Amino acid sequence: MIRKSYLLATDLDNTLVGDPEALKHLFTFYKEKEFDPGLIYVTGRHLNSALSLIQQEKLPSPDILITDVGTAIYHAPDWSEDKTWATWVNETWLPEDVLSIFKNTPALVRQKLPHQKRISFTVRSRQSNIVQAIQAKLYAHNIPCHLVYSSGCDLDILPERSGKGKAVEYVLQKYAKNDVKILLAGDSGNDADMLTLGYPAVIVGNAQEELSKLPSHTLLYRAVEYYAAGIKEAWDHFYPAAQQ
Ligand code: GLC
Ligand code: MG
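Under my numbering, the residues of the sequence shown are numbered 6 to 249, in order.
Here it is as structure tokens:
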């Protein structure tokens with residue numbers, strides 16, 4: 006599907022979205038320099054929330070929209086769900102069990118979502134090891150899952166086979182050219198696994214502190230600039246326009 010030579014796979018909130026001027030500048034640059042990258046948006050939001058943001062911020066429509074922290078994949082232009090991915094990730098997913106384990110946990114306030122592709126909470130606790138305690142509880146109950154903590158308060162419990170990294174990897178293998186030149190971009194904990202896949206990646210300058218723990222790597226660029234300007238800075242670093 007994406008026959009493009011370049012791909013930008015980016016988180017939305019506080020990565021691509023955050024500075025309207027920088028956003029405009031990034032897409033003008035792509036146009037002027039004829040990069041014309043394929044676009045994959047990789048967000049924690051659910052489908053309707055992501056589509057509202059795309060409309061509200063007048064973002065270019067992506068080729069593929071990965072939502073719900075990498076638990077669902079949708080294809081342009083009609084946002085039909087990738088059924089192969091959905092079947093694969095849900096095969097070992099036990100949302101009702103997760104819910105019953107944390108039913109009476111005051112530190113966890115359940116987020117309202119239109120589905121159970123993931124179970125997400127807002128953490129209301131000062132306990133420093135709360136995430137480890139939740140992980141230990143899931144482990145003790147033998148629940149196959151993938152725990153993601155972001156922005157110091159969002160806790161997503163995902164199917165074991167999902168996450169932004171695994172979803173991006175699936176999309177690249179199935180739909181992108183073998184020799185595609187890609188840039189991955191993010192700002193918070195739920196982006197960590199895609200930023201460390203081993204493709205050129207950028208942590209934008211305004212990123213959450215939690216990403217400072219990621220080990221240094223030549224393919225992981227830490228931008229000084231914020232939001233879309235950080236993406237542009239990293240694009241220049243990995244794909245200087247003169248060498249196209
Ligand atoms: C987005 C989603 C939220 C999720 C968070 C972290 O803010 O709306 O549901 O918990 O990302 O992944
Ligand atoms: Mg973000």
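From the three backbone atoms N, C-alpha and C, an ideal C-beta is built for every residue, glycine too.
Note that this is a predicted model, so its numbers are computed, not measured.
{"Query": "Quick one: what's got a C-beta closer than 8 Å to ALA81's C-beta in the same chain, skipping five residues either side?", "Result": "SER66, PRO67, ASP68, ILE69, LEU70"}
{"Query": "Is SER221 helix, strand or coil when you go by DSSP?", "Result": "coil"}
{"Query": "Quick check on DSSP: helix, strand or coil for VAL74?", "Result": "coil"}
{"Query": "Measuring CB atoms only, is the segment 35–46 touching the segment 121–138, in the sense that at least three cross pairs come out at less than 8 Å?", "Result": "no"}
{"Query": "Which residue wins for smallest C-alpha separation from THR20, given the options PRO119, ALA190, ALA145, THR110?", "Result": "ALA190"}
{"Query": "Taking the continuous beta strand (DSSP E) assigned at ASP161, which residues delimit it?", "Result": "159–164"}
{"Query": "Compute the Euclidean distance between the alpha carbons of ILE5 and THR110, then round it to the nearest angstrom.", "Result": "Lying outside 6 to 249, the shown extent of the chain, residue 5 is not represented and no answer is given."}
{"Query": "Any idea what DSSP makes of ASP41, helix, strand or coil?", "Result": "coil"}
{"Query": "Going by CA-CA distance only, name the one from PRO164, ILE45, ASP192, THR89 that's closest to GLU101.", "Result": "PRO164"}
{"Query": "Exposed or buried, which one is TYR144 when buried takes at least 16 other CB atoms within 10 Å?", "Result": "exposed"}
{"Query": "Output the boundary residues of the beta strand (DSSP E) element that contains TYR154.", "Result": "150–155"}
{"Query": "Near ALA212, which residues of its chain fall below 6 Å by C-beta distance, leaving aside the five closest residues on each side in sequence?", "Result": "ASP192"}
{"Query": "Looking only at its chain, what residues have a beta carbon closer than 7 Å to the beta carbon of GLY168, apart from the 5 residues adjacent to it on each side?", "Result": "VAL74, GLY75, HIS151, VAL153, ASP198"}
{"Query": "What does a CB cutoff of less than 8 Å around LYS237 pick up in its chain, not counting 5 residues either side in sequence?", "Result": "ALA27, HIS30, LEU31, PHE34, GLU230"}
{"Query": "Secondary structure at PHE243, three-state DSSP: helix, strand or coil?", "Result": "helix"}
{"Query": "Is GLY210 near the ligand GLC, in the sense that its beta carbon is under 8 Å from a heavy atom of that ligand?", "Result": "no"}
{"Query": "Hey, would you say THR15 sits closer than 9 Å to ARG50, going by beta carbons?", "Result": "no"}
{"Query": "Indicate whether ILE45 and VAL176 have their beta-carbon atoms separated by less than 9 Å.", "Result": "yes"}
{"Query": "Within the continuous alpha helix (DSSP H) that includes GLY170, where are the two ends?", "Result": "169–180"}
{"Query": "Return helix, strand or coil for ASP196, following the three-state DSSP convention.", "Result": "helix"}
{"Query": "For the candidate residues LYS108, LEU104, LEU113, whose alpha-carbon lies nearest to that of HIS120?", "Result": "LEU104"}
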